[in-house]
């Protein structure tokens, strides 16, 4: 194909948008409306998920180890001497825990630190009552998770370590959070699939109607001896440009709205933002931009290719 | 390359022997009803001017569709410019159609483009360089009497002017055959005659012209070859014939 022919088809693709401005406007409006709804819903779901994930990150379980008789006479549950970890072994266990995929952070809390943290709220006089550290030997690891649904598997593994005396955790918190997480995942996936399906249906229908009303134009081109490519190329390009414009408009709108919503909530509901912060714009648009453009341009492309094909059999 | 040359020679020979249009015992049946064409044979030579006449439903439109390879025959053979249309692949159809100029009763212009673009479109399809298009379009528009109208939108033109644009578009690539399907069907008598005179001029320059029409007045006045069809068969084929009312 000659370059002049290629340039001509590109020029026609752009020109068609203006020639059929009402159809172009209707198509852009439909695509924009669908992708706007999709974008708004995605922003809400992404923020909700991030809030749940942050709560999950705060969930920790505590791992205690066997130790010799405590200073105030408490006796540790029955264990053999080789189950009492040395400092090196304690460090080794810490590294083993940190390497687990479900673990996000491991913090070592010595028995001294544990007593300090415990007694701090009651004041120095309270601590003075005890000449020795009542929590001696209670060295522990605070283990933070990146996926609470894996908590029970981690607990089983931790309990299998001979030096581990007890693992303290809340099964209820983990179950509630992982249940909430699963629910959000299913509901959001369902709604996103429905929204996308409706968008695809509406957009491809609009593209199809727009092309069908110009079937006479396609017939004429074919009677004159135009090849399928020559007829199809401007329509496909037109569909893709309409799809792109239809994707960019809602992205711009959501960008402005999201920015405004963040400012409004942070300014008006300062207490709310103390508990959780919303996802930054970049994080939302990191996913939303390529998905919206792909959907808009992709449907514009596929819709026009399939619809023009129907009218090419002349 | 040698193969292509052989094919070209074979086509030339077929044209010499049977004409630019040759139908051999052609029938066309649609899925329902009686056949639209029933075992017709027809040969049209290079440079002829032929009227195809007949009532509605006589098979004229089906014949035109067969010649444009919009339809294929149920049986028999259709040759146009030496091409056996039954053997033509779908991909080859656009190139084949460039041998044929075609005008319709309803003009079939691209309504969202101006006169110049409508005519130039036929040249863009065959990838004519822009400089050549800029030379050819005004020339052909002058030939059909529309020299000053190249910027006009087609919906600003009269019926006669629109048919002239269609003619210019059909002729710009110098086709060997011009098919005109009811070219005066939407025009007043004066304009109809102008279009017919144009078709006659085009024919005089060597193009084979096939006109499907209902106009008894035009057919009888022009004294050309007249092929009359009725219920899917050719009932008469006469040089210098008249529009015969079979009823």
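Residue numbers (the working numbering), protein chains in the order written: chain D, 18 to 331; chain V, 120 to 366.
Using N, Cα and C, we set each Cβ at its ideal position, and we do this for glycine too.
Query                                                                                                                      : Result
Burial state of residue 167 of chain V (16 or more Cβ within 10 Å)                                                         : buried
Closer than 7 Å at the beta carbon, the chain D residues around residue 229 of chain V                                     : 234, 237
Completely contained alpha helix (DSSP H) runs for the segment 190 to 253 of chain D, where each covers 4 or more residues : 232 to 241
Bounding residues of the alpha helix (DSSP H) (the contiguous stretch that carries residue 42 of chain D)                  : 38 to 75
Residue 325 of chain V versus residue 264 of chain D: straight-line alpha-carbon distance, rounded                         : 55 Å
Contact under 7 Å by Cβ, residue 368 of chain V with residue 298 of chain V                                                : The question about residue 368 of chain V has no answer here: the residues shown for chain V are numbered 120 through 366.
Three-state class that DSSP yields for residue 301 of chain V in the structure shown                                       : coil
Beta carbon of residue 76 of chain D nearer than 7 Å to that of residue 165 of chain D                                     : yes
Endpoints, the alpha helix (DSSP H) within which residue 243 of chain V is located                                         : 234 to 244
Neighbouring residues, chain V, relative to residue 25 of chain D (Cβ below 7 Å)                                           : 243
Rounded distance between the beta-carbons of residue 190 of chain V and residue 147 of chain V, thought under 8 Å          : 6 Å
Where residue 193 of chain V falls: helix, strand or coil (DSSP)                                                           : coil
Distance, residue 45 of chain D Cα to residue 39 of chain D Cα                                                             : 10 Å
Rounded straight-line distance, which links the Cα of residue 70 of chain D to that of residue 181 of chain D              : 28 Å
Helix, strand or coil at residue 323 of chain D [DSSP, three-state]                                                        : helix
C-alpha gap between residue 312 of chain D and residue 266 of chain V, whole angstroms                                     : 48 Å
Extent of the continuous beta strand (DSSP E) to which residue 167 of chain D belongs                                      : No beta strand (DSSP E) holds residue 167 of chain D; DSSP gives it neither H nor E.
Contacts of residue 246 of chain V in chain D (Cβ-Cβ under 8 Å)                                                            : 18, 19, 21, 22
Alpha-carbon spacing of residue 151 of chain D relative to residue 83 of chain D, whole angstroms                          : 15 Å
Same chain, Cβ closer than 7 Å to residue 167 of chain D, five either side skipped, listed in chain order                  : 119
8 Å contact criterion, which residue 162 of chain V and residue 137 of chain V should meet: CB distance rounded            : 6 Å
DSSP three-state assignment for residue 89 of chain D, whether helix, strand or coil                                       : Caution is warranted here: a pLDDT of 47 is assigned to residue 89 of chain D, below 50, making its placement in the model unreliable, and the coordinate value is therefore given only provisionally. Residue 89 of chain D falls in the coil class under three-state DSSP.
Chain V within 7 Å of residue 242 of chain D, Cβ atoms only                                                                : yes
7 Å Cβ cutoff, residue 36 of chain D in contact with chain V                                                               : yes
Option in D/20, D/135, D/324 with minimal Cα separation from residue 255 of chain D                                        : D/324
Sequence ranges, beta strand (DSSP E) only - wholly within the segment 327 to 360 of chain V, length at least 3            : 327 to 332, 344 to 349, 352 to 357
For residue 187 of chain V and residue 205 of chain D, the rounded distance between their alpha carbons                    : 55 Å
Inter-residue spacing [alpha-carbon to alpha-carbon] between residue 171 of chain D and residue 115 of chain D             : 11 Å
For residue 208 of chain V, three-class secondary structure by DSSP                                                        : coil
Identified DSSP bridge partners for residue 295 of chain D                                                                 : None; residue 295 of chain D has no bridge partner.
Residue 247 of chain D burial status per 10 Å Cβ neighbour count (16 or more: buried)                                      : buried
7 Å Cβ cutoff met for residue 288 of chain V and residue 250 of chain V                                                    : no
Within 7 Å, strictly: CB atoms of residue 315 of chain V and residue 296 of chain V                                        : no
Distance between residue 275 of chain D and residue 308 of chain D (C-alpha atoms, nearest Å)                              : 17 Å
Neighbour-count burial assignment, residue 314 of chain D, 16 or more Cβ in a 10 Å radius                                  : buried
Neighbour flag for residue 249 of chain V against chain D, beta carbons, 7 Å                                               : yes
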